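Please read the structure below before turning to the comments.
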Amino acid sequence: GRLFDRKRFLFHFEDGSRDEALAALMCYQNQDGGFGHGLEMDILCPVSSPICTETAMYYLADLGVTEGEVMDRLENWILSSQREDGTLPHPIDQVKLHPHGEWWLNDDSQRVLSLAGLLGRWGRGSEKFFSGVEKYFITQALPDALDVYNYPIYMYLRFAPGAEKYADSLEKVRSKIPDMLEKAADHYPLFSPYWSHANDEVGRETLEAEAVKMVNDLQDDGGLATAYPDFLWWRPVNTLEALVILKQCG
1 GRLFDRKRFL FHFEDGSRDE ALAALMCYQN QDGGFGHGLE MDILCPVSSP ICTETAMYYL
61 ADLGVTEGEV MDRLENWILS SQREDGTLPH PIDQVKLHPH GEWWLNDDSQ RVLSLAGLLG
121 RWGRGSEKFF SGVEKYFITQ ALPDALDVYN YPIYMYLRFA PGAEKYADSL EKVRSKIPDM
181 LEKAADHYPL FSPYWSHAND EVGRETLEAE AVKMVNDLQD DGGLATAYPD FLWWRPVNTL
241 EALVILKQCG
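In terms of this note's numbering, the sequence shown opens at residue 1 and continues consecutively.
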């Protein structure tokens, strides 16, 4: 694992230092307040991007850091980067210049939905920002079936201010979660950053069943089986993610 992953492991399981974990994470923050530098490991360009910033927000919450300068700068980057259509720019031209997964050459407009959900959950953001996000959201159709990567829709509908008016859409998304868990079982959705935000809603029986499935798939070397065997650099990250969430679930 990366230095940050090792510091995070020590923080959660070996009485390690939160400050050391945070310091390692801060190496990925740019002067503009956004995050880049491969924090999402399939997009190694150094410039700030919505996906790397979302990843940082998840880690910051995990470390209990939702206030202070790091968050002020991050929030400012999100708000100041918003475009007229409500989305944030995905830096495809910069992505091309550095090692990357080919899928990161695609549009990533939906990322603003998860960013809005996280800011809303923390009581951050602005009326103008959330109004812009809503402007984008109403142009999008709900998927017929949930994919493991559709979590930004859920996060927006559940946590973003102003999304309360779309309660029927949230219920439709919730109704599709069980089928998604079955189809994406090899991603362990409830024990990943993607869908762990729903762990307090899915019910204890479902959560325990998913936990048993995940624990049973731990390999002899202690790592979690991966849905993407050609991208083995994700194994230590995904394994740590699952163990941290399992600990948090009690």
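Cβ coordinates follow ideal geometry from the N, Cα and C atoms, glycine included.
As the structure is a computational prediction, the values presented were derived from the model and not from experiment.
Within the continuous alpha helix (DSSP H) that includes residue i, where are the two ends?
| i | result |
| --- | --- |
| L181 | 167-183 |
| E210 | 204-216 |
| R158 | 151-159 |
| Y58 | 50-62 |
| G132 | 127-137 |
| R9 | Looking at the sequence shown, residue 9 is not Arg but Phe. Segment 3-13, the alpha helix (DSSP H) holding F9. |
| L22 | 18-26 |
Is the CB-CB distance between residue i and residue j below 7 Å?
| i | j | result |
| --- | --- | --- |
| V133 | A145 | no |
| L63 | A21 | yes |
| F4 | L240 | no |
| M57 | L142 | no |
| G223 | R235 | yes |
| L45 | V95 | The residue asked about is misnamed: residue 45 is Cys in this sequence, not Leu. Yes, the pair counts as a contact, with Cβ atoms nearer than the cut-off. |
| L157 | L170 | yes |
| S48 | N30 | yes |
| V173 | Y154 | yes |
| L74 | I92 | no |
What is the DSSP secondary structure of residue i, counted as helix, strand or coil?
| i | result |
| --- | --- |
| H187 | helix |
| Q110 | coil |
| L79 | helix |
| F35 | strand |
| I92 | helix |
| L224 | strand |
| Q248 | helix |
| H100 | strand |
Going by Cα to Cα distance, which pick from the options is closest to residue i?
| i | options | result |
| --- | --- | --- |
| V70 | S81, W104, G33 | G33 |
| S131 | W104, Q82, W103, N150 | Q82 |
| L25 | E14, G16, R2, I43 | R2 |
| I78 | F35, A23, D186, H98 | F35 |
| G162 | K247, A185, F129 | F129 |
| S80 | M41, M57, L224, P50 | P50 |
| E195 | Y151, G64, N30, Y136 | At residue 195 the sequence reads Trp, which differs from the Glu that was named. Cα-wise, what sits closest to W195 is Y151. |
| A160 | F137, N238, D179, Y28 | F137 |
| E40 | W103, G64, F9, G86 | W103 |
| G250 | D200, G86, D19, S126 | D200 |
| Q248 | M180, D168, H98, H12 | H12 |
| G101 | R121, Q140, I43 | I43 |
| S109 | G123, E127, K96, Y149 | Y149 |
| A242 | D230, D221, M214 | M214 |
| D85 | L113, A225, A167, A198 | L113 |
| D217 | G123, C52, F231, D186 | D186 |
| L207 | Y228, L181, P229, P193 | L181 |
| T66 | G120, D220, K7 | G120 |
| R124 | D72, D93, K172 | D72 |
| L60 | P91, Y28, T87, G38 | Y28 |
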